[in-house]
Amino acid sequence: MRYYDIQSHPQGLGYIAIEYRDPARTKKTGWKSQNHCSQELCETEVNLRKAFIRKKEEQSK
């Protein structure tokens with residue numbers, strides 16, 4: 001299972017989403033979203049990422 005956290009951009013330029021492998025959010029996967037001006041756009045990108053991962057897992061079966 002993967003977990004996502006939407007955070008303020010480190011330079012204060014909007015928001016980014018970061019993907020983690022654990023619920024404590026200590027192990028990053030290396031994926032992060034593009035910089036977005038609103039949290040809703042980050043949520044959209046997270047949903048696209050989830051769909052991509054689901055499709056990739058189905059293909060590997």
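Heads up, the sequence shown is in UniProt numbering, so the first residue is 1 and it goes up one at a time.
Backbone N, C-alpha and C define an ideal beta-carbon position, used for all residues, glycine too.
These numbers were taken from a predicted model, which means no experiment stands behind them.
With a Cβ-Cβ cutoff of 8 Å, do residue i and residue j count as a contact?
i: Thr29; j: Arg2; result: yes
i: residue 92; j: Cys37; result: The requested residue 92 is not part of the displayed model; the chain covers only 1 to 61.
i: Gln34; j: Ile6; result: no
Report the residue from the options whose alpha carbon sits nearest the alpha carbon of residue i.
i: Asn47; options: Gly12, Gly14, Gln59 and Glu19; result: Glu19
i: Pro23; options: Tyr4, Gly14, Gly12 and Ser8; result: Tyr4
i: His9; options: Lys32, Glu45 and Arg25; result: Lys32
Which word fits residue i, buried or exposed, when buried means at least 16 other C-beta atoms lie within 10 angstroms of its C-beta?
i: Ser60; result: exposed
Report all residues from its chain with a CB closer than 8 Å to the CB of residue i; omit the five preceding and five following residues, and keep chain order.
i: Leu13; result: Asn35
i: Phe52; result: none
_Inside the stretch 12-41 only - beta strand (DSSP E) runs reaching at least 3 residues_ = Entirely contained in the stretch 12-41, the beta strand (DSSP E) runs reaching 3 residues are, in chain order, 15-20 and 28-32.
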